[in-house]
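**Student:** Chains as they are written, first to last, in the numbering used here: chain A, -11 to 165; chain B, 27 to 608. Questions regarding the structure given below will be posed in turn.
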Amino acid sequence: MADKIIYAMYDDDDKLLDGARMLVSKGIHVNEVFSPMPIHGLDDVIGVRHTRLGIASFLYGLTGLMLATLGMKYFMIDDWMMNIGGKPSFSYLENLPAFIPITFEFTVLCAAHGMAITYLLRNKTLPGMPASNPDPRTTDDMFVMEIRTAENTKYSADELQSMVKSTAIVELDEKTV
Amino acid sequence: MHKESAIREPLILGDKTFKQITDDVCRPIENQAPRGWYILITIATVIALYGVGCILYLIGEGIGTWGLNNAVDWAWDITNFVWWVGIGHAGTLISAVLLLFRQKWRMAVNRSAEAMTIFAVIMAAIFPGIHMGRIWVSYWVLPLPNQFGSLWVNFNSPLLWDVFAISTYFSVSLVFWYIGLIPDFATIRDRMTKPLTKKIYGLLSFGWSGRAKHWNRFEIVSLVLAGIATPLVFSVHSIVSFDFATSVIPGWHTTIFPPYFVAGAVFSGFAMVQTLMLIVRKVMHLEAYIHTKHIEYMNIVIMVTGSIVGVAYLTELFMAWYSGVEYESYAFLNRATGPMAWAYWVMMTCNVISPQLMWVKKWRRSLTFTFILSIVVNIGMWFERFVIIVTSLYRGHMPASWAYFYPTWVDVGVFVGTIGIFTVLYLLYARYFPVLAISEVKTILKSSGENYKDGFGAGEGYYGADGSHGHDHHESHDEVVENTKHEETVAELSEEEIAKNKSTLLDRIGTAEASEADDLKQISGVGPVLEKTLNSIGIFKFEQVSKMTSEEYNLLDSLTKSFPGRAERDNWAAQATELMTK
């Protein structure tokens, strides 16, 4: 059986959310939702897992912290013990207060950029990538739910359609893959 | 959560829909720019080119072309640097700190404030660059392996901390700004019809499609970036203040500098945001999104940070006296009474006295007053840096080398030039970028839009005044609706009581016929639904509304059962009286 995609279009985020709840309660798998803004509460309904980017950011931050510490230990203590105003840097610990600002800045730098780059890569949103929203209005005022027949084999395409129609949709579109 | 206390002023005025928000923000990008834009950008380009010319002349001739002398070896250059960095602080403060505090009004100004931050930090970075004299070796500030043996930059120096702080701040702000811009560029991409512009915005939008998972990540990335940008904002200006505070120059060597500089930076940054936003909202017709309440919120921030700055000035004076160090005491006495006292008193007037005027509610809600005051604060904060830098240096420990400071035309040219470059960048931004965060503004429409707050959503009345809504599957709202009812309904009355209240009310304010009805929707706070309710009670004319006092309001509340106190708060009677005379 050919895989058909049903696009249920709503003009309101809450209507889509209600529709999604109704469909999911009947065991329908909602494959994707395209919306012009985040819909709060939708992720749990359609089974989008919580992102781990926050953890990634923490790890990038730790990397930055470590690099900054190692770098400054090498530059200021090991490689050349700089003597400023008769106050040589004998050990990293003794000189630590002066190193804190840059350690902090570098930690933030790595955490922020590492996370941002990961975010763009994971989303596959990069310069030159083609847009994949099914309708240009989904970035304006249209909220679209994508349901695939291949993922919902316990209902026929017609049954799926009629169930989608029972929610507060404003338009229905279909595509055969 | 769609409901917010009815007492809070709406953040989006008028009956806006998602579509209208998109239209309102995209209109300036899609239409021909007004003539004023071309005139402004021409003037700004000329000034910017003059500035670039001055910078090139300076690089060619050396910094001897500045007015610096043996005593005053830092003057306009560092003043301008700190001034621009300070201005750059409002953007990230609005987008990061206010995001953490869930301040919804920030949505109206965050995009433009962040743009201002980025351009201001670029302007700031010019000054240490050209002050190095040999700008072509400016990469020496980075810890790079080199041919001079084990020669590293000095990690103990606040000047190097500054390099790291400013570059981190700039790049993180840029990333923060751009991640927010991606979905909005996608909106513009999907509206554009001309192939070239569509292609350009397509490139800028990185192929954003608004998938649920992407929005999920988007929100977390924004939150985490806000979390780490918040200490970053505070660290940056603290480190800028260390440039002075860790030295042993009287007037600079004070521990109050970091908090004082941070407050000053927020103070000047918000003043610049006000200057820019008051123009932007007017020219780009965004009055519905950036209105008096937003301006008032920002004025309150200006008032608070201005007061912190004022307290810091006085603390400095006290500590100079209390320390008993005669050099320290002299530095401050000299500031206030010496040959450069004029600069000190300009600073005191602009920064200490002027923000206190904001205690008057009428003034801080006046747009003209705010605009003038924001410029006064911008000037005052420039003088603050000038006073700190020049008046601490021109009369140092050795009276034989005391000198006065006179700027040269190159000093002035470079400074004015950076204002020109900044204006060019900002005008380009306002013309081609979405100046409001479209997707973020849409998320607050239902909680803070005037139409939703008044009990009717755009279109089909998603929420009626009584909390009903026009669709069937409302599991998600049951809880919300119940809450609303709980908050807003006045005690249930019996049929007779209702009839009695109705007749008392009409006795007091007079009866009218439906045929002679006025358009009650003109009263701010009355929407179509409420108008129907009023009509059903028998209120049709402004004349009736104008006769209402608090007793009548109470009767009305018991009848309409929605928004208790609303009519009184909005002062319907006064509004109606005004409308009657029209």
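C-beta: ideal position from N, C-alpha, C; glycine also. Bear in mind that the values here come from a model prediction, so they are computed numbers and not experimental data.
Is Leu109/A helix, strand or coil by DSSP?
**Tutor:** Numbered from its first residue, the first sequence carries residue 109/A at position 121. Reduced to three states, the DSSP call for Leu109/A is helix.
**Student:** Examine chain A for any beta-carbon lying closer than 8 angstroms to the beta-carbon of Leu37/B, and answer yes or no.
**Tutor:** The count along the second sequence starts at 1 and reaches residue 37/B at position 11. No, its Cβ sits nowhere closer than 8 angstroms to a Cβ of chain A.
**Student:** Going by the CB atoms, is the gap between Ser474/B and Ile120/B shorter than 8 angstroms?
**Tutor:** On the second sequence, position 94 is the one that residue 120/B refers to. On the second sequence, position 448 is the one that residue 474/B refers to. Their beta carbons are not under 8 angstroms apart, which means Ile120/B does not touch Ser474/B by this criterion.
**Student:** Determine, using beta-carbon pairs with one atom in the region 74 to 83 of chain A and one in the region 16 to 26 of chain A, whether at least three such pairs fall under 8 angstroms.
**Tutor:** No: the two stretches stay apart, fewer than three of their Cβ pairs being nearer than 8 angstroms.
**Student:** On the premise that Trp110/B lies in contact with Ala150/B, defined as a C-beta separation below 8 angstroms, what is that separation, rounded to the nearest angstrom?
**Tutor:** Sequence index remark: in the second sequence, residue 150/B carries index 124 (1-based). Sequence index remark: in the second sequence, residue 110/B carries index 84 (1-based). Yes, they are in contact, since the Cβ atoms of Ala150/B and Trp110/B sit about 4 angstroms apart, within 8 angstroms.
**Student:** What separation, rounded to the nearest whole angstrom, lies between the Cα atoms of Ser576/B and Glu56/B?
**Tutor:** Residue mapping note: residue 576/B aligns to position 550 of the second sequence, counting from 1. Residue mapping note: residue 56/B aligns to position 30 of the second sequence, counting from 1. Each residue's alpha carbon lies about 49 angstroms from the other.
**Student:** Just confirm the distance between the C-beta atoms of Ala338/B and Pro89/A, as a whole number of angstroms; I'd bet it's less than 8 angstroms.
**Tutor:** As a first step, residue 338/B must be located in the second sequence, where it is residue number 312. As a first step, residue 89/A must be located in the first sequence, where it is residue number 101. About 21 angstroms separates the two Cβ atoms, so there is no contact after all.
**Student:** Just to confirm, is the Cβ distance from Tyr353/B to His423/B under 8 angstroms?
**Tutor:** On the second sequence, residue 353/B is found 327 positions in, with the first residue counted as 1. On the second sequence, residue 423/B is found 397 positions in, with the first residue counted as 1. Cβ distance < 8 angstroms, so Tyr353/B and His423/B count as in contact.
**Student:** For Asn96/B, count the other beta carbons within 10 Å of its own beta carbon; 16 or more makes it buried, fewer makes it exposed. Which is it?
**Tutor:** As a first step, residue 96/B must be located in the second sequence, where it is residue number 70. Under this definition Asn96/B is an exposed residue.
**Student:** Counting pairs of beta carbons, one from the region 58 to 74 of chain A and one from the region 219 to 233 of chain B, are three or more of them closer than 8 angstroms?
**Tutor:** Taking 8 angstroms as the limit for Cβ pairs, the verdict is that the region 219 to 233 of chain B does not touch the region 58 to 74 of chain A.
**Student:** Buried or exposed for His311/B, please, with buried defined as at least 16 other CB atoms from any protein chain shown within 10 angstroms of its CB.
**Tutor:** Position 285 of the second sequence, counting from 1, holds the residue named residue 311/B. Exposed is the call here.
**Student:** Quick check: what's the CA-CA separation for Ala426/B versus Tyr432/B?
**Tutor:** Counted from its first residue, the second sequence places residue 426/B at position 400. Counted from its first residue, the second sequence places residue 432/B at position 406. Each residue's alpha carbon lies about 18 angstroms from the other.
**Student:** Phe63/A versus chain B: which residues are under 9 angstroms apart at the beta carbon?
**Tutor:** Position 75 of the first sequence, counted from the start, is the residue given in the question as residue 63/A. By Cβ distance, chain B contributes Pro169, Ser176, Trp178, Val179 and Phe181.
**Student:** Going by C-alpha to C-alpha distance, which of Val335/B, Gly364/B and Asn325/B sits closest to Phe395/B?
**Tutor:** Sequence index remark: in the second sequence, residue 395/B carries index 369 (1-based). Taking only the C-alpha atoms, the option nearest Phe395/B is Asn325/B.
**Student:** With a CB to CB cut of under 8 angstroms and the five nearest residues on each side skipped, what residues in its chain are close to Leu453/B?
**Tutor:** The sequence position of residue 453/B within the second sequence is 427, counting from 1. Counting only Cβ-Cβ distances below 8 angstroms, and skipping sequence neighbours, we find Trp63, Leu66, Ile67 and Ala70.
**Student:** Which residues of chain A have a Cβ atom closer than 7 angstroms to the Cβ of Trp187/B, listed in chain order?
**Tutor:** Position 161 of the second sequence holds residue 187/B. Result: Pro89 and Ile90.
**Student:** For Thr586/B, does the count of other Cβ atoms within 10 angstroms reach 16, so buried, or fall short, so exposed?
**Tutor:** Counted from its first residue, the second sequence places residue 586/B at position 560. Its Cβ being crowded by 16 or more others within 10 Å, Thr586/B is buried.
**Student:** Ile414/B lies in the alpha helix (DSSP H); which residues open and close that run?
**Tutor:** Indexing the second sequence from 1 puts residue 414/B at position 388. Note, Ile414/B: alpha helix (DSSP H), Leu393 to Leu419.
**Student:** Excluding the 5 residues preceding and the 5 following Leu462/B in the sequence, name in chain order all residues of the same chain whose CB lies nearer than 7 angstroms to its CB.
**Tutor:** Your numbering for residue 462/B matches position 436 in the second sequence. Excluding positions up to five away in sequence, the list reads Val51, Ala134, Arg137, Leu312 and Tyr315.
**Student:** Can you list, in chain order, the stretches of the beta strand (DSSP E) that have 3 or more residues and sit fully within the region 75 to 128 of chain B?
**Tutor:** Taking only runs of at least 3 residues, no beta strand (DSSP E) segment lies wholly in the region 75 to 128 of chain B.
**Student:** Phe409/B to Pro154/B, Cα distance in whole Å?
**Tutor:** Stepping through the second sequence from its first residue, residue 409/B is reached at position 383. Stepping through the second sequence from its first residue, residue 154/B is reached at position 128. Taking the straight line from one Cα to the other gives about 19 angstroms.
**Student:** Is there a Cβ of chain A sitting closer than 8 angstroms to that of Gly233/B, yes or no?
**Tutor:** Translated into positions along the second sequence, residue 233/B becomes position 207. With 8 angstroms as the cut-off, Gly233/B counts as an interface residue toward chain A.
**Student:** Could you tell me the boundaries of the alpha helix (DSSP H) in which Tyr610/B lies?
**Tutor:** Since the displayed chain B opens at 27 and closes at 608, residue 610/B lies outside it and no answer follows.
**Student:** Along the chain, where does the alpha helix (DSSP H) containing Ala255/B start, and where does it finish?
**Tutor:** As a position in the second sequence, residue 255/B is number 229, starting the count at 1. That run of the alpha helix (DSSP H) goes Ala238 to Ala271.
**Student:** Here's the rule I'm using: 16 or more other beta-carbon atoms within 10 Å means buried, otherwise exposed. How should Arg237/B be labelled?
**Tutor:** For the purposes of this step, residue 237/B is taken as the residue at position 211 of the second sequence. Under this definition Arg237/B is a buried residue.
**Student:** With the cut-off set at 8 angstroms, would you say Leu84/B and Val436/B are in Cβ contact?
**Tutor:** Reading the second sequence from its first residue, position 58 is the one you call residue 84/B. Reading the second sequence from its first residue, position 410 is the one you call residue 436/B. Going by C-beta atoms, Leu84/B is nearer than 8 angstroms to Val436/B.
**Student:** DSSP puts Leu160/A in a beta bridge; with which residues?
**Tutor:** As a working mapping, residue 160/A is identified with position 172 in the first sequence. In DSSP, Leu160/A forms a bridge with Ala(-4)/A.
**Student:** Please report the straight-line C-alpha distance between Ala156/A and Lys468/B, rounded to a whole angstrom.
**Tutor:** Here residue 156/A refers to the residue found at position 168 of the first sequence. Here residue 468/B refers to the residue found at position 442 of the second sequence. Taking the straight line joining both Cα atoms gives about 20 angstroms.
**Student:** Using a beta-carbon distance cut-off of less than 8 angstroms, what residues from the region 102 to 128 of chain A approach chain B?
**Tutor:** The residues in question are Met103, Ala104, Tyr107, Leu108, Arg110, Asn111, Lys112, Thr113, Leu114, Pro115, Gly116, Met117, Pro118, Ala119, Ser120, Asn121, Pro124, Arg125, Thr126, Thr127 and Asp128.
**Student:** Please identify, using Cβ separations under 7 angstroms, the residues of the region 132 to 156 of chain A that lie next to chain B, in order along the chain.
**Tutor:** Cβ contacts with chain B come from Thr155 and Ala156.
**Student:** Against chain B, with Cβ distances strictly below 8 angstroms, would Ser45/A count as a contact?
**Tutor:** Against the first sequence, residue 45/A aligns to sequence position 57. Yes, because at least one Cβ of chain B sits closer than 8 angstroms to the Cβ of Ser45/A.
**Student:** Give the residues of chain A in contact with Leu258/B, contact being defined as C-beta atoms less than 7 angstroms apart.
**Tutor:** Taking the first residue of the second sequence as position 1, residue 258/B is located at position 232. Result: Val96.
**Student:** Who are Glu20/A's beta bridge partners in DSSP?
**Tutor:** Here residue 20/A corresponds to residue number 32 of the first sequence, with the count starting at 1. Beta-bridge pairing links Glu20/A to Glu134/A.
**Student:** Which residues does DSSP list as the beta-bridge partners of Pro76/A?
**Tutor:** Locating residue 76/A in the first sequence gives position 88, where the first residue counts as 1. Partner(s): Asn71/A.
**Student:** Can you find a CB in chain B that lies within less than 8 angstroms of the CB of Gly42/A?
**Tutor:** Along the first sequence, read from residue 1 onward, the residue named residue 42/A stands at position 54. Chain B, which has a Cβ nearer than 8 angstroms to the Cβ of Gly42/A, makes this yes.
**Student:** Who are the near neighbours of His512/B in its chain, counting only those whose CB is closer than 8 angstroms to its CB and skipping five residues on each side?
**Tutor:** One-based indexing of the second sequence puts residue 512/B at position 486. Bear in mind that a pLDDT of 38 at His512/B, under 50, signals an unreliable position, so the model cannot answer this.
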